[in-house]
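Numbering (the numbering used here), first residue to last: 13 to 390.
Positions of the beta carbon are idealized from the N, C-alpha and C atoms, including for glycine.
What follows is one structure encoded as structure tokens, with my remarks underneath.
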Ligand SMILES: *Cc1c(COP(=O)(O)O)cnc(C)c1O
């Protein structure tokens, strides 16, 4: 038997969250009389740890799927996805262009070296692409002053039938917590790309769920949003819960108690004795540790649930185990279920706060040794 720990992936919760996003886009675009954006559902990093194949199964109603690893793009096609596939970082070397061609991928072009590679390539048929504009993140993308030149080079590639449609995209740096910076980045994008035809793609989850961002674009533009994190049931915002946005958790990390003990006051717990009991305390030893992806430095008092009852972490997380407080769960015994995050347990964003990170990182950190269980009804 494997250790008593598992990661449950709910395909129906993933489908539900896409419905929430699409429903919101449809409603707000109708209210404001602007065209409804299409959706690139972002499934990079193995669908934020949920499995590419599960994502393909759940996200059939998306207009396109976006990622950045070519192997994942190939897996997406092999899982039966027939729609467009956006490569968020484009291709990395000339040999990748054959994969782009064979699997009908849509690369983002963010630097002149990629345009050089395309100019030297042979393609069976022209590919769709996006030109990426650096509007302030200062990671990938052409500087605003260079965009017209890059777009001209892309037009030349279209004339010799290497490119088909040419879109324009950028990525916001602060859409989760700074509307003013987002507004400036959006304006910089619009000024830079004004008059260049083609679809536009700007909005991550935070900007997609901030209706004022995407609905402010000129009604004449074909717009695609790029939500990721919200599809997996975590909030992109530091101050709004996923539940308040109507989202359901897609992944649930749960384990069982291996042992229980009763300690008198004054007993230290775990490595380094970072926690000492104040009164008589019942503790449960959980079959989950940092080698499963639960961060070692998660703060004491971070929430867990034991047999459905809210409880808390005690002391330092070790490699294969952690200790939780079961003083208020008198029925807890070896074999009791502990939910570390997800359905029936704490919100992944609250656990992330205890670990001084974000839900994104927890989701994609669950290690391969944790058995996956895929369920269809949430
Ligand atoms: C990851 C990513 C997204 C999705 O971001 P979320 O915050 O998860 O919604 C969108 N666009 C790009 C370019 C990305 O890298």
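Ligand 1 heavy atom lying under 7 Å from the CB of residue i
{"i": "residue 218", "result": "yes"}
{"i": "residue 186", "result": "no"}
{"i": "residue 123", "result": "no"}
{"i": "residue 376", "result": "no"}
{"i": "residue 368", "result": "no"}
{"i": "residue 34", "result": "no"}
{"i": "residue 238", "result": "yes"}
{"i": "residue 242", "result": "yes"}
{"i": "residue 183", "result": "yes"}
{"i": "residue 326", "result": "no"}
{"i": "residue 342", "result": "no"}
{"i": "residue 3", "result": "The requested residue 3 is not part of the displayed model; the chain covers only 13 to 390."}
{"i": "residue 100", "result": "yes"}
Reduced DSSP category for residue i - H, G, I as helix; E, B as strand; rest coil
{"i": "residue 277", "result": "coil"}
{"i": "residue 142", "result": "strand"}
{"i": "residue 174", "result": "coil"}
{"i": "residue 289", "result": "coil"}
{"i": "residue 315", "result": "strand"}
{"i": "residue 337", "result": "strand"}
{"i": "residue 129", "result": "helix"}
{"i": "residue 353", "result": "strand"}
{"i": "residue 35", "result": "helix"}
{"i": "residue 180", "result": "strand"}
{"i": "residue 63", "result": "coil"}
{"i": "residue 301", "result": "coil"}
{"i": "residue 310", "result": "coil"}
{"i": "residue 97", "result": "strand"}
{"i": "residue 378", "result": "coil"}
{"i": "residue 390", "result": "Any answer about residue 390 is weak, because its pLDDT of 46 lies below 50 and its placement is not dependable; what the coordinates show is given next. Three-state DSSP puts residue 390 in coil, outside helix and strand."}
{"i": "residue 201", "result": "helix"}
{"i": "residue 153", "result": "coil"}
{"i": "residue 56", "result": "helix"}
{"i": "residue 253", "result": "coil"}
Of the residues the options, the one placed nearest residue i, counting alpha carbons only
{"i": "residue 44", "options": "368, 213, 230 and 304", "result": "230"}
{"i": "residue 278", "options": "154, 288 and 308", "result": "288"}
{"i": "residue 16", "options": "312, 265, 281 and 291", "result": "265"}
{"i": "residue 273", "options": "257, 261, 263 and 295", "result": "295"}
{"i": "residue 178", "options": "260, 186, 168 and 187", "result": "168"}
{"i": "residue 349", "options": "326, 372, 368 and 297", "result": "297"}
{"i": "residue 211", "options": "13, 32, 51 and 128", "result": "51"}
{"i": "residue 306", "options": "251, 372 and 275", "result": "372"}
{"i": "residue 89", "options": "104, 106, 118 and 101", "result": "118"}
Heavy atom of ligand 3 within 7 Å of residue i beta-carbon
{"i": "residue 54", "result": "This structure lacks ligand 3; the ligands present are ligand 1."}
Determine, using beta-carbon pairs with one atom in the segment 243–250 and one in the segment 268–285, whether at least three such pairs fall under 8 Å. No, because fewer than three Cβ pairs between the segment 243–250 and the segment 268–285 fall closer than 8 Å, the two stretches do not touch.
Could you say if the segment 116–124 and the segment 146–159 meet the contact criterion of at least three C-beta pairs nearer than 8 Å? Yes: at least three Cβ pairs fall under 8 Å.
Quick check: the segment 377–389 against the segment 61–73, are there 3 or more CB pairs under 8 Å? At 8 Å Cβ cutoff, the stretches touch.
Cβ contact (3+ pairs, closer than 8 Å) linking the segment 186–194 and the segment 134–143: Short answer: they don't touch.
Does the segment 332–348 touch the segment 362–369, meaning 3 or more C-beta pairs lie closer than 8 Å? Flag = no, the segment 362–369 and the segment 332–348 do not touch.
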